[in-house]
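Here's the structure, in structure tokens; my notes come after.
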Amino acid sequence: MVHLQILTVYPEIFTSFLSQGLIQKAIEQEKLLVDLINFRNFGIGKHMKVDAPPYGGGAGMVLRPEPIVNALERCQEKANSGRVHKILISPQGEPYNQRKAQELSKLDRPIVLVCGRFEGFDERIREFVDEELSLGDYIMMGGEIAAMAIIESVGRLIPGVIGNIQSIESESFNYDLLEYSQYTRPVSFRGKRIPEVLTSGNHKEIENWRHQNALEKTRKKRPDLFDQYILSKAGV
Ligand SMILES: C[S@@+](CC[C@H](N)C(=O)[O-])C[C@H]1O[C@@H](n2cnc3c(N)ncnc32)[C@H](O)[C@@H]1O
Numbered sequence: 008m009v010h011l012q013i014l015t016v017y018p019e020i021f022t023s024f025l026s027q028g029l030i031q032k033a034i035e036q037e038k039l040l041v042d043l044i045n046f047r048n049f050g051i052g053k054h055m056k057v058d059a060p061p062y063g064g065g066a067g068m069v070l071r072p073e074p075i076v077n078a079l080e081r082c083q084e085k086a087n088s089g090r091v092h093k094i095l096i097s098p099q100g101e102p103y104n105q106r107k108a109q110e111l112s113k114l115d116r117p118i119v120l121v122c123g124r125f126e127g128f129d130e131r132i133r134e135f136v137d138e139e140l141s142l143g144d145y146i147m148m149g150g151e152i153a154a155m156a157i158i159e160s161v162g163r164l165i166p167g168v169i170g171n172i173q174s175i176e177s178e179s180f181n182y183d184l185l186e187y188s189q190y191t192r193p194v195s196f197r198g199k200r201i202p203e204v205l206t207s208g209n210h211k212e213i214e215n216w217r218h219q220n221a222l223e224k225t226r227k228k229r230p231d232l233f234d235q236y237i238l239s240k241a242g243v
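Counting along the sequence shown from 1, when you hit position 182 you're at 189 in our numbering, and nothing is skipped either side.
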């Protein structure tokens, strides 16, 4: 089972997301456990403040360290099986990718995802987490959508969550390449026919075609990934 603990000031954002489709099923089957923790409950004073203006001036509000660090410590206290793995969700983090999803899906301890808001985190919070992950080079209003992306991508790697294990194995990024082109019915659509080999029944030829197609597609669409693949094949 993968256990995720989400620290957020907007837990309601997750309500519909967690109650649909395969994620809901994974939760029902106890393959996935998601705790939503509102770190405003750890806020300061009568108004349970979690933010304050930045020292030195500037726009917006910054998340204070005390509510988040206290919430993280509470997650740690509640975990009875060793250390929790703490992740700050931030555009300044390491880019999140399939490799990281695989790594997280195999962790045997609770994973805490800290969702930021406003102008982001007081810098000192970074000293209390194990890693910082980014969804990409753009700025969203908060970390909740990134947390959902992590929940889905990790959740579908848990054995038994996706019916067909093969669909996971052949997917984009698993072999550092994009997935080969997929075709379904009809054989001919507006004059565009599917590649002949796919109906040949020759599994070896189909496998070769798919590999070549994945190489070509990656070279065209993601030259950065392609170069990385070639270097890793060359053992560089
Ligand atoms: C408006 S952003 C703050 C950005 C911050 N001022 C900066 O430049 O790094 C508020 C929060 O949204 C989340 N966020 C925004 N974009 C993100 C991204 N690309 N990846 C991960 N989290 C993101 C983070 O949790 C962040 O603390």
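Even glycine gets a Cβ: it sits at the ideal position worked out from N, Cα and C.
With a CB to CB cut of under 6 Å and the five nearest residues on each side skipped, what residues in its chain are close to residue 226?
-> Excluding residues within five positions, the ones whose Cβ falls inside 6 Å are 233.
Extent of the continuous beta strand (DSSP E) to which residue 45 belongs = 39 to 45
Any heavy atom of ligand 1 nearer than 6 Å to the CB - residues listed = 96, 97, 98, 99, 122, 123, 124, 126, 127, 128, 141, 142, 143, 145, 146, 147, 148, 149, 150, 153
In chain order, what residues of the same chain lie with their CB nearer than 6 Å to the CB of residue 43, ignoring the 5 residues before and after it?
-> Cβ neighbours of residue 43 beyond the five flanking positions: 13, 18, 21.
Work out the CA separation of residue 214 and residue 113 for me, nearest whole Å.
-> 29 Å
Sub-8 Å separation of residue 244 and residue 58 beta-carbons = Nothing can be reported for residue 244: it is not among the residues displayed for the chain, which extend from 8 to 243.
Start and end of the alpha helix (DSSP H) containing residue 119?
-> That residue, residue 119, is in no alpha helix (DSSP H); its beta strand (DSSP E) goes 118 to 122.
Cβ-based neighbour list, residue 159, same chain, cut-off 7 Å, excluding 5 preceding and 5 following = 30
Could you tell me the boundaries of the alpha helix (DSSP H) in which residue 162 lies?
-> 151 to 162
Residue 49, buried or exposed, once every other Cβ within 10 Å from all chains shown has been counted against 16 = buried
Of the residues 117, 102, 123, 115, which one's Cα is nearest the Cα of residue 144?
-> 102
Candidates 84, 169, 163, 26, of which the one nearest residue 119 by Cα | When each option's Cα is compared against that of residue 119, the closest is 84.
Considering only residues of the same chain and omitting the five flanking positions on each side of residue 24, which have a CB-CB separation below 6 Å?
-> 155
Alpha carbon to alpha carbon, how far is residue 147 from residue 34?
-> Going by the C-alpha atoms only, they are around 27 Å apart.
Expressed to the nearest angstrom, what Euclidean distance is found between the alpha-carbon atoms of residue 125 and residue 67?
-> So the alpha carbons of these two residues sit roughly 7 Å apart.
Which two residues bound the contiguous beta strand (DSSP E) that contains residue 99?
-> 92 to 102
Looking at residue 46 and residue 16, is the spacing between their C-beta atoms short of 8 Å?
-> yes
Helix or strand or just coil, what does DSSP make of residue 196?
-> strand
How long is the line joining the alpha carbons of residue 134 and residue 172, rounded to whole angstroms?
-> As the crow flies, the alpha-carbon of residue 134 is around 38 Å from that of residue 172.
Residue 59, DSSP secondary structure in three states = strand
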